[in-house]
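Protein chains in written order, with my numbering: chain A, 1 to 364; chain B, 365 to 809.
We treat Cβ as the ideally placed atom computed from N, Cα and C, and that holds for glycine.
From a predicted model like this one, the values you see are computed outputs, not experimental measurements.
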Amino acid sequence: MSRTPEPHPATASADETMLAVENLQTVFHTDKETVRAVEGITFEVREGETVGIVGESGSGKSVTARSIMGLVDAPGRIGDDSSIEFRGRELTGMTENEYREVRGSGIAMVFQDPLTSLNPVYTVGNQIKETLRVHQGIRGDAADEAAIDLLESVSIPDARRRLDEYPHQFSGGMRQRVVIAMALACDPELLICDEPTTALDVTIQAQILELLQELQEERNLSIIFITHDMGVIAEISDWVNVMYAGEIAESGPVGEIFENPAHPYTEGLLKSIPGRFPDETYLRTIDGDVPTPTESPTDCRFHPRCPKKFDACEEVHPAPVDVESGRGGHQAACLLYPDGLTREAAVKEHERQMEDSDTEADDE
Amino acid sequence: MSKMNTTPEQEHQATTADDEVLVSVRNLRKHYGADSFLSDDPVKAVDGVSFDIHRGETLGLVGESGCGKTTLGRTLIRLETPTSGEIRFDDTDITTLSGSDLKQWRRNAQMVFQDPDSSLNERMTVGELIRDPLDVHDWKTKSERDERVRELLEKVGLSENHYFRYPHQFSGGQRQRIGIARALALEPEFLVLDEPVSALDVSVQAKILNLLRDLQSDLDLTYLLIAHDLSVVRHLADRVAVMYLGHIMELGETERLFENPANPYTQSLLSAIPEADPYAESERITLRGAPPSPRNPPEGCPFSTRCPTKIRPEKYRSVDDDVWRAMEELRGILRERARTDRSIAMIARELLGLETRLSDIDEIVEEVFGGVDLPPELSTHVDRVVHEVTDGNPEAAQSYLKREIGGPCDTDTPEYYTVDDDGRSSYCHRHTAEYDPPSPTLRSE
Ligand code: SF4
Ligand code: SF4
Numbered sequence: 001m002s003r004t005p006e007p008h009p010a011t012a013s014a015d016e017t018m019l020a021v022e023n024l025q026t027v028f029h030t031d032k033e034t035v036r037a038v039e040g041i042t043f044e045v046r047e048g049e050t051v052g053i054v055g056e057s058g059s060g061k062s063v064t065a066r067s068i069m070g071l072v073d074a075p076g077r078i079g080d081d082s083s084i085e086f087r088g089r090e091l092t093g094m095t096e097n098e099y100r101e102v103r104g105s106g107i108a109m110v111f112q113d114p115l116t117s118l119n120p121v122y123t124v125g126n127q128i129k130e131t132l133r134v135h136q137g138i139r140g141d142a143a144d145e146a147a148i149d150l151l152e153s154v155s156i157p158d159a160r161r162r163l164d165e166y167p168h169q170f171s172g173g174m175r176q177r178v179v180i181a182m183a184l185a186c187d188p189e190l191l192i193c194d195e196p197t198t199a200l201d202v203t204i205q206a207q208i209l210e211l212l213q214e215l216q217e218e219r220n221l222s223i224i225f226i227t228h229d230m231g232v233i234a235e236i237s238d239w240v241n242v243m244y245a246g247e248i249a250e251s252g253p254v255g256e257i258f259e260n261p262a263h264p265y266t267e268g269l270l271k272s273i274p275g276r277f278p279d280e281t282y283l284r285t286i287d288g289d290v291p292t293p294t295e296s297p298t299d300c301r302f303h304p305r306c307p308k309k310f311d312a313c314e315e316v317h318p319a320p321v322d323v324e325s326g327r328g329g330h331q332a333a334c335l336l337y338p339d340g341l342t343r344e345a346a347v348k349e350h351e352r353q354m355e356d357s358d359t360e361a362d363d364e
Numbered sequence: 365m366s367k368m369n370t371t372p373e374q375e376h377q378a379t380t381a382d383d384e385v386l387v388s389v390r391n392l393r394k395h396y397g398a399d400s401f402l403s404d405d406p407v408k409a410v411d412g413v414s415f416d417i418h419r420g421e422t423l424g425l426v427g428e429s430g431c432g433k434t435t436l437g438r439t440l441i442r443l444e445t446p447t448s449g450e451i452r453f454d455d456t457d458i459t460t461l462s463g464s465d466l467k468q469w470r471r472n473a474q475m476v477f478q479d480p481d482s483s484l485n486e487r488m489t490v491g492e493l494i495r496d497p498l499d500v501h502d503w504k505t506k507s508e509r510d511e512r513v514r515e516l517l518e519k520v521g522l523s524e525n526h527y528f529r530y531p532h533q534f535s536g537g538q539r540q541r542i543g544i545a546r547a548l549a550l551e552p553e554f555l556v557l558d559e560p561v562s563a564l565d566v567s568v569q570a571k572i573l574n575l576l577r578d579l580q581s582d583l584d585l586t587y588l589l590i591a592h593d594l595s596v597v598r599h600l601a602d603r604v605a606v607m608y609l610g611h612i613m614e615l616g617e618t619e620r621l622f623e624n625p626a627n628p629y630t631q632s633l634l635s636a637i638p639e640a641d642p643y644a645e646s647e648r649i650t651l652r653g654a655p656p657s658p659r660n661p662p663e664g665c666p667f668s669t670r671c672p673t674k675i676r677p678e679k680y681r682s683v684d685d686d687v688w689r690a691m692e693e694l695r696g697i698l699r700e701r702a703r704t705d706r707s708i709a710m711i712a713r714e715l716l717g718l719e720t721r722l723s724d725i726d727e728i729v730e731e732v733f734g735g736v737d738l739p740p741e742l743s744t745h746v747d748r749v750v751h752e753v754t755d756g757n758p759e760a761a762q763s764y765l766k767r768e769i770g771g772p773c774d775t776d777t778p779e780y781y782t783v784d785d786d787g788r789s790s791y792c793h794r795h796t797a798e799y800d801p802p803s804p805t806l807r808s809e
């Protein structure tokens, strides 16, 4: 499940890339304002890999998930230059029917609140069997057996009987297992989990995380795991994207992100976790609040809160660059990088990269 | 394991003799009556807890949802009336205060809620919200109240010009500051903080926790901090009480308890926290199932249905672990079925004899014991269970198994044992000399 240190979309061979997101922009237009929830993010997910997306509320992490799932409704819009390729197939611009097919077989999603995915008036068995019928054409006795297998695969004891029960008869943790079973009924290759354990107690959360890891191994699933909890991210991810105000501030292999955080925001976030500095009376904090972006950025969106900001941070929009130049794998969107360049040279590099991407966009 | 004391200790003793006790709780119970015509068992939300809170300290209260921690917090400040037991506050018995005495006393003890949104009336301005408790208690004069509100705004890190704004214009962190200001208005000595930061983002959390710490030292406050996030409690609390199913399982000095948990439940709970370190070598104890319903708690130790180190009866100690686990699983399934809330339709179906809930017991047994080699003696027990269930007596099957394979954890309530030289207490049979002490790596014996 670990990734070789060669993560650029360009260098990854096509067959192991499950999902490639490029320059994703998701914008919400209303009469009053325009919210640029996701602003040109690029990342990929490989076969059998777990990509963690971590961020605070308003970072755009859930909108990213919904954009991939084709669940962004008006007034939300995905930008014309955005691309989401799943197994080489472009998802943006698909009709609702085409998208439904992708959701039914390739990509499935598990939400924070299991009740949003379950219908209270049908038994759990009926709901799973319906999914099996629609997506895999399995009916009758075969569907019964398949449904029992699925409930057993998510470790629900006494599965045969529990098929006949209604969602409210399950505990919170068991309900989330049912939702995972329903997601598996589509036999997905990519599972997107949006804060699936946030509402659960820690001992139940541990069970669900363990279950997801087992399922991943058995089925070679790719997983996108979205959460605000750094502990959960550390535990489950191979690769981490840290989001801030609609952008990916930093990305890299999980070890790098936690051992050598590069972006001042990631650093601040890690330092503010209680328990990091047991001898200090006060927790370290990040000044200010998370902004709601309404304009395209022309600066670093973190600069009003950044302890390391310098003049250029207000004038240049940082591009994601290698933290150590020449060594791929760990990137930060911060003018302090690449390491080893003078500050002027680094800033120039960011300006050059942003211009490049602008002309690219204009060409299309 | 630190040294043990086999003398049962009913009541927690003050950690150091000169600490002044502000709140003293003895054998406190809070049961809720039957709320459904199908069941008469009361919910035993808090089922006999005793502890002290010292002046100026923060006592952390942790546990999973449904363990009774919020009910305990609410009962301590008399938002709920205890079913039995005693709460003394500064040597006044407040257990049964009512009417104007209660109202008068309430000034001393306030609560900060998890969700600032639900506790703030959106139609009132921030100033009015904070002044509200002062108005209710007819505190001094109108202008003194306004002055007090301005003072409070500043204390919690808001500014005077926030006075005329409405709560919806504020971020989550700021709304929690308003909630704190409201709680502080009447100059209480004691605050119950019920999940004060769990709705907030990490970077905002840190600021609120720092504020709470400042306020505590400035105003000599005593806190009961209720939280499911253990790292928050570890940061702020001087001592921690760990609750499970209405009982305190362990209570002691924070760092020692986190470093070296004594009780099997504390051990399991702490091992389940994901650490923000991808290289952490965690030896996780994954608990089976969910906590039982407080309407129907197990006899004996409250943790006995999930405890990974539950004590086996002597004659089965040599039985293979896999076999034993399967036996416990069978018990778990019988229990789960007995407790699941049943819809009226299902009960009706049962009464009409259409289908019993356990009609497929043979399949279950096959599922549970497939691949394990049952020794003859246990096999007899399983046969008997199948027999009872087939005859429509699942309760008989359950109690049969309990009698035959249950151990001390199933039948006897543990006592509190002192487990370190700092007065930490733990509620578990394993602290007696008869059994091995609990340890996170121990299997059920
Ligand atoms: S670009 Fe500047 S303001 Fe932004 S994170 Fe880097 S140092 Fe801070
Ligand atoms: S008394 Fe028994 S069941 Fe309870 S915690 Fe101790 S070993 Fe576990």
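Q. How long is the line joining the alpha carbons of residue 552 of chain B and residue 174 of chain A, rounded to whole angstroms?
A. Taking the straight line from one Cα to the other gives about 42 angstroms.
Q | C-beta neighbour in chain A for residue 707 of chain B, strict 8 angstroms | A | At residue 707 of chain B the pLDDT is 49, less than 50, meaning the model places this residue with poor confidence and gives no usable figure here.
Q: Just tell me which of A:234, A:178, A:50 and A:27 has its CA closest to the CA of residue 641 of chain B.
A: Selected option, being the one with the closest Cα: A:234.
Q. Three-state secondary structure (DSSP) at residue 682 of chain B?
A. DSSP places residue 682 of chain B outside both helix and strand once states are collapsed to three, so it counts as coil.
Q) Helix, strand or coil for residue 688 of chain B per DSSP? A) It is helical.
Q) Thinking C-beta only, is residue 601 of chain B closer than 8 angstroms to residue 423 of chain B? A) Residue 423 of chain B places its beta carbon less than 8 angstroms from that of residue 601 of chain B.
**Q.** Start and end residues, alpha helix (DSSP H) containing residue 727 of chain B
**A.** Looking at the DSSP string, the run of the alpha helix (DSSP H) that includes residue 727 of chain B is 725-733.
Q) Given that a residue counts as buried once 16 or more other Cβ atoms are within 10 Å of its Cβ, and exposed if not, what is residue 608 of chain B? A) Buried: at least 16 other Cβ atoms inside 10 Å.
Q. Would you say residue 206 of chain A faces chain B, with C-beta separation under 8 angstroms as the test?
A. The beta carbon of residue 206 of chain A falls within 8 angstroms of a beta carbon belonging to chain B, placing the residue at that interface.
**Q.** Start-to-end residues for the alpha helix (DSSP H) that takes in residue 754 of chain B
**A.** It spans 740-754 - the alpha helix (DSSP H) in which residue 754 of chain B sits, taken as one unbroken run.
**Q.** Span of the alpha helix (DSSP H) around residue 469 of chain B
**A.** 463-470 is the extent of the alpha helix (DSSP H) around residue 469 of chain B.
Q) How should residue 338 of chain A be labelled, buried or exposed, when 16 other C-beta atoms within 10 angstroms of its C-beta is the threshold for buried? A) Counting Cβ neighbours within 10 Å, residue 338 of chain A comes out buried, since at least 16 surround it.
Q. What residues in its chain sit with their C-beta under 6 angstroms from that of residue 104 of chain A, if we drop five residues either side in the sequence?
A. Its chain contains 135 and 186 as the residues whose beta carbon lies nearer than 6 angstroms to that of residue 104 of chain A, once the 5 sequence neighbours on both sides are disregarded; these appear in chain order.
**Q.** Residues, ordered as in the chain, of the stretch 754-768 of chain B that lie near chain A by beta-carbon distance below 7 angstroms
**A.** Answer in chain order: no residues at all.
Q.
One question on the structure: do residue 542 of chain B and residue 494 of chain B come within less than 8 angstroms of each other, judged by their Cβ atoms?
A. At a Cβ-Cβ threshold of 8 angstroms, residue 542 of chain B and residue 494 of chain B count as neighbours.
Q.
Following a CB-centred definition, is residue 330 of chain A positioned closer than 7 angstroms to any heavy atom of ligand 1?
A. Taking non-hydrogen atoms of ligand 1 into account, the C-beta of residue 330 of chain A is found less than 7 angstroms away from none of them.
Q: Select from the stretch 677-701 of chain B all residues with a C-beta closer than 9 angstroms to any C-beta belonging to chain A, and list them in chain order.
A: Answer in chain order: 693, 696, 697, 700 and 701.
Q. Checking contacts by CB at 8 angstroms: is residue 800 of chain B closer than that to chain A?
A. No, residue 800 of chain B lies away from the interface with chain A (no Cβ there is under 8 angstroms from its Cβ).
Q | Test item, CB below 7 angstroms from any non-hydrogen atom of ligand 1 | A | Checking every Cβ against the heavy atoms of ligand 1 under 7 angstroms gives A:263, A:264, A:265, A:300, A:302, A:303, A:306, A:308, A:309, A:310, A:313, A:318, A:334, A:335 and A:336.
Q) Going by C-alpha distance, which of B:533, B:741 and B:393 is nearest residue 444 of chain B? A) Nearest of B:533, B:741 and B:393 to residue 444 of chain B, Cα basis: B:393.
Q) Along the stretch 640-669 of chain B, what residues have a CB closer than 9 angstroms to any CB found in chain A? A) Those would be 640, 641, 642, 643, 644, 646, 648, 649, 650, 651, 652, 653, 654 and 655, in chain order.
Q | Span of the alpha helix (DSSP H), counted from its first residue to its last, around residue 135 of chain A | A | Run containing residue 135 of chain A: 124-136, per the alpha helix (DSSP H) assignment.
Q: For my contact list, residue 750 of chain B and residue 725 of chain B are in at a C-beta cut-off of 8 angstroms; report their separation, rounded to the angstrom.
A: Yes, residue 750 of chain B and residue 725 of chain B are in contact; Cβ-Cβ is about 5 angstroms, under 8 angstroms.
**Q.** C-alpha distance - residue 707 of chain B paired with residue 161 of chain A, whole-angstrom precision
**A.** Reliability of the predicted coordinates at residue 707 of chain B is poor, the pLDDT of 49 falling under 50, and the value obtained from them is presented with this limitation in mind. Cα-Cα distance, rounded: 14 angstroms.
Q | Cα-Cα separation, residue 368 of chain A to residue 472 of chain B | A | An answer regarding residue 368 of chain A cannot be provided, because it is not within the stretch 1 to 364 covered by chain A.
Q | As assigned by DSSP and simplified to three states, the class of residue 182 of chain A | A | Helix at residue 182 of chain A.
**Q.** residue 565 of chain B: contacting residues in chain C (beta-carbon distance under 8 angstroms)
**A.** Protein chains in the displayed structure are A and B, and chain C is not among them.
Q) Name the DSSP bridge partner or partners of residue 616 of chain B? A) DSSP, once it has assigned bridges, lists B:604 as partnering residue 616 of chain B.
(Q) Does the distance between the C-beta of residue 675 of chain B and the nearest non-hydrogen atom of ligand 2 fall short of 7 angstroms? (A) Flag set: Cβ of residue 675 of chain B near ligand 2.
Q) With respect to 7 angstroms, is the separation between the Cβ of residue 472 of chain B and the closest non-hydrogen atom of ligand 2 below this value? A) Taking 7 angstroms as the cut-off, one finds no heavy atom of ligand 2 near enough to the beta carbon of residue 472 of chain B.
Q.
By DSSP's criteria, residue 589 of chain B is part of a beta bridge. Which residues make up the other side?
A. Per DSSP, the beta-bridge partners of residue 589 of chain B are B:424 and B:557.
(Q) Using a Cβ-Cβ cutoff of 9 angstroms, what residues of the stretch 571-596 of chain B are near chain A? List them in chain order. (A) Within the stretch 571-596 of chain B, 571, 573, 574, 577, 578, 592, 593, 594, 595 and 596 place their CB atoms closer than 9 angstroms to a CB of chain A, listed in sequence order.
Q) Is any beta-carbon of chain B found at less than 8 angstroms from that of residue 346 of chain A? A) Cβ-Cβ to chain B under 8 angstroms: no for residue 346 of chain A.
Q. Going by beta carbon distance, what residues of the same chain come within less than 6 angstroms of residue 367 of chain B, once the five residues before and after it are set aside?
A. With a pLDDT of only 37 at residue 367 of chain B, under the threshold of 50, the placement of this residue in the model should not be trusted; the figure read from the coordinates follows. Around residue 367 of chain B: no qualifying Cβ.
Q: Quick one: grab the DSSP three-state call for residue 583 of chain B.
A: Helix.
Q.
I want to check one thing, is the minimum distance from the CB of residue 87 of chain A to the heavy atoms of ligand 3 below 7 angstroms?
A. Questions concerning ligand 3 fall outside what the structure shown contains, since the ligands it does hold are ligand 1 and ligand 2.
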